[in-house]
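Here is the structure we will look at.
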């Protein structure tokens, strides 16, 4: 039965992931029917490509280090301290994570770029420096660390550390010997996730990097869409694939280590009000960081969207309702229509992701052999494999019968669902695995068939997780950019695509409209997230 | 009702159930007793169909249960830690089995009310499971298991998680209840007090085999082996050579009842059979730790060059710690166990 459940997700990934990616890599590396592996060596010895590889790696390392440095104190504060507004703040710091990367880029442009807030105040511009990229990456991934590490930290029994203190360990020794080892796998898992997200960063670098800085993903996009150099793009895709595969393998190993028994307690018991000047200062520092790093960029973005040439107003929002207000043919339809398109696509993508991810999670629930575990890791691949490649792959593979979807609207939700599925699986799996097998046995002894037992026991217990998973899938579908930018039809752009197009053109009106559209996108994401935070009471999931 | 024939379950090389034969009679309470790892929980799971068997048969009311899935066996099982459904209230937990069997709503509600009254929780239908105390959870689990009127009710460490005084009260309640209802019960526990208070019939298990079977009185009076005797809490077990009505042991000569098996054996001297007297009167011992148990005292005695002995004496006769005493043995309180070196359980 387990194999039966797995058949649908496997078929889905084979058809809409493996096939397009292989096809496009094949097109790049094959000439007259023969594989040209020599091209790999050629491409990898080009100095410009080596520059890209080097930059991709070091900016990912730097971003990860910076994120840990800034977010770990935050994780501690959220785990151990009680303060008014904690729930709301936890939701707020999570907003960036589900924000479309395009919006993140735009927000930092509004803060650090030409005519940005810092430029106006002190004449400081960072948008052509690497700092803008690093800060945007911290902004984006802050919640990953706070949630993964803080979630575990809040459930660690403080009495363990107390026991060490009574046995003669100093405050620092107790932390180092007891808390740190328990925390280390979670820190490692979070760091790897951040590294994965920043290594494959596209939207942020595309907007903030300028001509000087380019990650692998941006380079793949440039080679594919602008230079039409498919062989180079194929080699880069393979390089990224290998790197992501390696990161995921390490991640899977650390997560498995984390699943090993730790005595966890109710988070409500472990936090208390800060005491003493030191703890208040720490809390203040974390709150200030959150304010500057997260609220400020979002605030500036909103402010810019209202700051028209004739003073504050809804000018840019009104302009979104008409075609080519700037006298250009950026759009075939009013940009505001992108809102409706995005919502429709994201809704369908969420449904697909829930069905595929739900089936996969159900199949993976019972820990089993190597095969199943391998499948588990495989499900994470779409998070890291070049979305640009997937998008372009869709175009060249799904264009002939029996699967001619080139002109079909379903193409976009399919691509978006690919990134939604990992979130669904990651959110539902821990909850499903936490369901005590003996509850199912109790139901069986009382006369429930296996299917009935699933409906009566598993489903009610994971209902909450399903809603959370749906929310995440919706948010990431809404923000998906790399693949959508290829396959969204000109007359049906999504919000992130429309924002990117507006940013790609000059003129104050285009810039203002991009800010306005980003604000709308941010609001839609934030609202769905806040709804989630109300539902979510357990923090057992990974995101 | 229930009959196991050569039931065998293996985990790798180890046999958790090793060709076990067992009969549970209608309307009787049988209790399987054994240390952890003796295979008693596996036995319950095999009967319920939760654990596939590697050999042998399970018969319920004469019907072979091979190929009958768990949910069609019509059994009741109370799990060790109750396993109440956390997302359902008390009433809906109790009603679960009835719903699975397609019982109508009105009848279900009536039955739930009846059962909650029976277990001493009248009107608790709407209460949340998480808000129940350990004892209340145990009662709800019992009501849930009883609701569909199972052919056989199985209890896995029914009172294991409760505190001592509650356990002692509930065990009496359970026995009275099962006798009134005429339920056929198969319980497993590691607690001998619980087993003897609850059961009509006790089955002692060791390493996947049955070490002894009988009424509580039988087993208590005549343990079949050194293992059973030690498991029941008797520590005065030693190797002995029996000749006529005397046994040669490390403690010297010990009288044994008439007609005892002869030769190399294991010998049990119940603490009550160790009589304390003046130092020159029998085996010389130093008095060690004393444990006060209500109306009697258990005393550890340290003989010179022989294993420690345990004696039971009246409160007012208790010697001081460190005193030197002499001891004699009472033939009526000694039991010759299976021959030394023979496999236990034989």
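Protein chains in written order, with the UniProt record's numbering: chain A, 1 to 543; chain B, 1 to 346. All residues carry an ideal CB built from backbone N, CA and C; glycine is no exception.
Start and end of the beta strand (DSSP E) containing residue 152(B)?
Counting from one through the second chain, the residue named residue 152(B) turns up at place 152. DSSP places residue 152(B) inside the beta strand (DSSP E), whose first and last residues are 152-156.
Nearest to residue 526(A) by CA position, among 479(A), 6(A), 158(A) and 27(A), is which residue?
Taking the first residue of the first chain as 1, we reach residue 526(A) at position 526. When each option's Cα is compared against that of residue 526(A), the closest is 479(A).
Identify the residues that DSSP records as bridge partners of residue 279(A): which are they?
For this step, residue 279(A) is matched to residue 279 along the first chain. Its beta-bridge partners do not exist; DSSP assigns none.
With distances taken from CA atoms, which of 355(A), 319(A) and 459(A) is nearest residue 334(A)?
Here residue 334(A) refers to the residue found at position 334 of the first chain. Considering only alpha carbons, the answer is 319(A).
Could you list which residues in chain B have their beta carbon closer than 7 Å to that of residue 460(A), in chain order?
Start at 1 with the first residue of the first chain, and residue 460(A) comes out as number 460. 87, listed in chain order.
What does a CB cutoff of less than 8 Å around residue 169(A) pick up in its chain, not counting 5 residues either side in sequence?
Residue numbering aside, residue 169(A) sits at position 169 when the first chain is read from its first letter. Same-chain partners within the cutoff: 177 and 178.
Please work out which residues of its chain come closer than 6 Å, Cβ to Cβ, to residue 140(A), disregarding the five sequence neighbours upstream and downstream, and give them in chain order.
Residue mapping note: residue 140(A) aligns to position 140 of the first chain, counting from 1. For residue 140(A), where only same-chain residues beyond five positions count, the Cβ hits under 6 Å are 96 and 104.
For residue 182(B), name the three-state secondary structure that DSSP assigns.
Start at 1 with the first residue of the second chain, and residue 182(B) comes out as number 182. Three-state DSSP puts residue 182(B) in coil, outside helix and strand.
State buried or exposed for residue 365(A), treating a residue as buried only when at least 16 other CB atoms are found within 10 Å of its CB.
For the purposes of this step, residue 365(A) is taken as residue 365 along the first chain, with counting starting at 1. The residue is buried, with at least 16 neighbouring Cβ atoms inside 10 Å.
Secondary structure at residue 328(A), three-state DSSP: helix, strand or coil?
The residue you call residue 328(A) lines up with position 328 of the first chain. For residue 328(A), the predicted model reports a pLDDT of 48, less than 50, meaning its position is unreliable; a value from the coordinates is still stated below. Coil at residue 328(A), not helix or strand.
What's the C-alpha gap between residue 273(A) and residue 81(A)?
Locating residue 273(A) in the first chain gives position 273, counting from the first residue. Locating residue 81(A) in the first chain gives position 81, counting from the first residue. In a straight line, the C-alpha of residue 273(A) is about 5 Å away from that of residue 81(A).
Could you tell me the distance, in whole angstroms, from the CA atom of residue 306(A) to the CA atom of residue 230(A)?
Along the first chain, read from residue 1 onward, the residue named residue 306(A) stands at position 306. Along the first chain, read from residue 1 onward, the residue named residue 230(A) stands at position 230. Going by the C-alpha atoms only, they are around 42 Å apart.
When you compare the stretch 60-68 of chain A with the stretch 463-471 of chain A, are there three or more beta-carbon pairs, one atom per stretch, that lie closer than 8 Å?
Judged by Cβ distances under 8 Å, the stretch 60-68 of chain A makes no contact with the stretch 463-471 of chain A, as fewer than three pairs qualify.
Please confirm if residue 192(A) has its CB atom under 8 Å from at least one CB of chain B.
For the purposes of this step, residue 192(A) is identified with residue 192 of the first chain, where counting begins at 1. Cβ-Cβ to chain B under 8 Å: no for residue 192(A).
Kindly indicate the opening and closing residues of the alpha helix (DSSP H) around residue 383(A).
What you label residue 383(A) is simply residue 383 of the first chain in a count that begins at 1. Unbroken alpha helix (DSSP H) run through residue 383(A): 381-384.
Alpha carbon to alpha carbon, how far is residue 46(B) from residue 40(A)?
Taking the first residue of the second chain as 1, we reach residue 46(B) at position 46. Taking the first residue of the first chain as 1, we reach residue 40(A) at position 40. Distance between the alpha carbons of residue 46(B) and residue 40(A) is about 59 Å.
Proximal residues of chain A, C-beta to C-beta of residue 148(B) below 9 Å
Translated into the one-based positions of the second chain, residue 148(B) becomes position 148. Simply 446 and 447.
Let me see if you follow: with CB-CB separation under 8 Å, is residue 91(B) close to chain A or not?
Reading the second chain from its first residue, position 91 is the one you call residue 91(B). Taking Cβ atoms only, chain A never reaches closer than 8 Å to residue 91(B), which makes this a no.
Residues that residue 83(B) contacts on chain A, provided the C-beta gap is smaller than 8 Å
Translated into positions along the second chain, residue 83(B) becomes position 83. Under the 8 Å cutoff, chain A gives 436, 438, 439, 441 and 442.
Rounded C-beta distance between residue 39(B) and residue 17(B)? I'm assuming under 8 Å.
Translated into positions along the second chain, residue 39(B) becomes position 39. Translated into positions along the second chain, residue 17(B) becomes position 17. Going by Cβ atoms, the distance from residue 39(B) to residue 17(B) rounds to 5 Å, so yes, they are a contact pair.
Count the other C-beta atoms from every protein chain shown that fall within 10 angstroms of the C-beta of residue 607(A), then say buried if there are 16 or more, exposed otherwise.
Residue numbering for chain A in the displayed model covers 1 to 543; residue 607(A) lies beyond these limits and cannot be assessed.
When DSSP labels each residue in this structure, what does residue 89(B) get in the three-state scheme?
As a first step, residue 89(B) is located in the second chain; it is residue number 89 there, counting from the start. Residue 89(B) falls in the strand class under three-state DSSP.
Kindly indicate which three-state DSSP category residue 528(A) falls into: helix, strand or coil?
As a working mapping, residue 528(A) is identified with position 528 in the first chain. Correct three-state label for residue 528(A): helix.
Under a Cβ-count criterion, where at least 16 other Cβ atoms within 10 Å of its own Cβ denotes burial, should residue 448(A) be classed as buried or exposed?
By 1-based counting over the first chain, the position of residue 448(A) is 448. Buried, by the Cβ-count rule.
Hey, out of 518(A), 530(A), 452(A) and 470(A), whose CA is closest to residue 99(B)'s CA?
Locating residue 99(B) in the second chain gives position 99, where the first residue counts as 1. Comparing Cα positions, the closest option is 452(A).
Closest by C-alpha distance to residue 30(B), when choosing among 14(B), 154(B) and 331(B)
Along the second chain, one-based indexing puts residue 30(B) at 30. Nearest C-alpha to residue 30(B): 154(B).
Of all the options 13(B), 10(B), 28(B) and 5(B), which has the alpha carbon lying nearest to the alpha carbon of residue 20(B)?
Within the second chain, the letter at position 20 stands for residue 20(B). Ranking the options by Cα distance to residue 20(B), first place goes to 5(B).
Going along the chain, which residues of the stretch 49-64 of chain B sit with their C-beta nearer than 9 Å to a C-beta in chain A?
Per Cβ criterion, the list reads 49 and 50.
Does the Cβ-Cβ distance between residue 240(A) and residue 102(A) come in under 8 Å?
Residue 240(A) sits at position 240 when you count from the first residue of the first chain. Residue 102(A) sits at position 102 when you count from the first residue of the first chain. No, Cβ-Cβ distance for residue 240(A) and residue 102(A) is not below 8 Å.
Reduced DSSP secondary structure (H/G/I, E/B, other) of residue 133(A)
Along the first chain, one-based indexing puts residue 133(A) at 133. Residue state, collapsed to three classes: helix.
Can the beta-carbon of residue 93(A) be found closer than 8 Å to that of residue 19(A)?
Reading the first chain from its first residue, position 93 is the one you call residue 93(A). Reading the first chain from its first residue, position 19 is the one you call residue 19(A). No, they are not a contact pair.
In its own chain, which residues sit with a C-beta less than 6 Å from the C-beta of residue 79(A), not counting the 5 before and 5 after it?
Reading the first chain from its first residue, position 79 is the one you call residue 79(A). Closer than 6 Å at the Cβ level, and outside the excluded window around residue 79(A), lie 150, 153 and 154.
Are the C-beta of residue 97(B) and some C-beta of chain A separated by less than 8 Å?
Taking the first residue of the second chain as position 1, residue 97(B) is located at position 97. Chain A, which has a Cβ nearer than 8 Å to the Cβ of residue 97(B), makes this yes.
Less than 8 Å between C-beta atoms, sequence neighbours within five positions excluded: which residues of the same chain meet that for residue 361(A)?
Here residue 361(A) is taken as the residue at index 361 of the first chain, counted from 1. Answer for residue 361(A): 424, 425, 428, 429 and 432, listed in chain order.
Please report the straight-line C-alpha distance between residue 542(A) and residue 147(A), rounded to a whole angstrom.
As a first step, residue 542(A) is located in the first chain; it is residue number 542 there, counting from the start. As a first step, residue 147(A) is located in the first chain; it is residue number 147 there, counting from the start. Note that residue 542(A) has pLDDT 45, beneath the 50 cutoff, so the model's placement of it is unreliable and no number is given.
Can you pull the chain A neighbours of residue 11(B), defined as C-beta to C-beta under 7 Å?
Position 11 of the second chain, counted from the first residue, corresponds to residue 11(B). Going along chain A, no residue has its Cβ under 7 Å from residue 11(B), so there is no contact; the nearest lies around 16 Å.
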